[in-house]
Every structure is written in C-alpha cells, then in structure tokens.
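Sequential numbering of the sequence shown, starting at 4, is according to the working numbering.
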Amino acid sequence: MQFRVFYTTLFHEDKVIGDSINRCNDVAAIDINMGCPRAFSLSGGMGAALELARRIEKTGVDAIAVHGRYVLDRPRDPAKWSGIADVVSALSIPVIANGDVFEYDDFQRIKSATGGFGSKTPRSGVVYTI
C-alpha cells in the first residue's frame, strides 16, 4: 500500500485549506505545520488553532494528528499533552497525539493523559529505528 502525504510549511489559511480539500481524494494524509517559530511562519499566519482542527474535521477527514508544542516551545521543552487533550475533547474523530514519545511507556502515558487514539513518533522514530 502506498501513501501520499500533502505537506505544507508556508501557511496561508484559506489557500492551504482550500488546496488540501481539493486534494483529499489524492492523498492519505495532510500535514499542516502550525507551530514553527520561524519568522516566515509566524508572518504567514501559523499558530495553534483549535478552530482550525474543528474546520478540518468538518471536511470529512478520518483522523487528525496534533503535536503538543506551541510556537515558542523548543524540542527540549516538555510537550504539552494537556493541549492535545483539549483537541481530543473538542473533536469527534480520532486524534493522534504527538510529542515526547520515545518508547512504549511514553506511548501508554500519552494515550492516558490525552485520550488520544494513538501516537506518532517522528523524531525518535528516526533515531531509534527497530
């Protein structure tokens, strides 16, 4: 099975959401970076947005992944799992939690703390491959 991911880092909300919706039949996942602290990201409208998660849910997606850091947080800062829990509470689709999951025990803790459906581990998955 092959998956295609629509990924964007330059966020201009209306254009990106429109493009994402138009491409939904062509891709299995959409990744919209909403937390990059770079100046170009902030000036482009990126930022944590529970309302955007609700709007994305209304497009008919099956799930959404949420990273538990805010714009000014660095990778060394603990992920804010409570923010992920807020998204889980606000949506009716599965939420995949992301942030500070390096081993199986972390996976169990993030699921318990957030109520998330599952977890993704991009940074640690690259470092600690099985």
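Yeah, the Cβ is synthetic: ideal placement off N, Cα and C, and Gly gets one too. Note that the structure is predicted; figures quoted are calculated from it, not measured.
- Using a 10 angstroms sphere on the CB of residue 71, the tally of other CB atoms reaches 16 or more, which defines it as buried.
- In this structure, DSSP gives residue 99 an extended state, which the three-state scheme calls strand.
- Of the other Cβ atoms in all chains shown, 16 or more fall within 10 Å of the Cβ of residue 122; this residue is therefore buried.
- The beta-carbon separation of residue 120 and residue 66, rounded to 7 Å, stays under the 8 Å limit for a contact.
- Residue range 67-70 is occupied by the beta strand (DSSP E) that includes residue 69.
- Secondary structure of residue 61 (DSSP, three-state): helix.
- For residue 86, the enclosing alpha helix (DSSP H) covers residues 84-93.
- The C-beta of residue 103 has 16 or more other C-beta atoms within 10 Å across all chains shown, which makes the residue buried.
- Take the alpha-carbon of residue 73 and the one of residue 105: they are about 19 Å apart.
- Between the alpha carbons of residue 90 and residue 108 lies a distance of about 22 Å.
- Following the DSSP letters along the chain, one finds residue 108 inside the alpha helix (DSSP H) bounded by residues 107-117.
- The straight-line gap separating the alpha-carbon atoms of residue 84 and residue 92 is approximately 12 Å.
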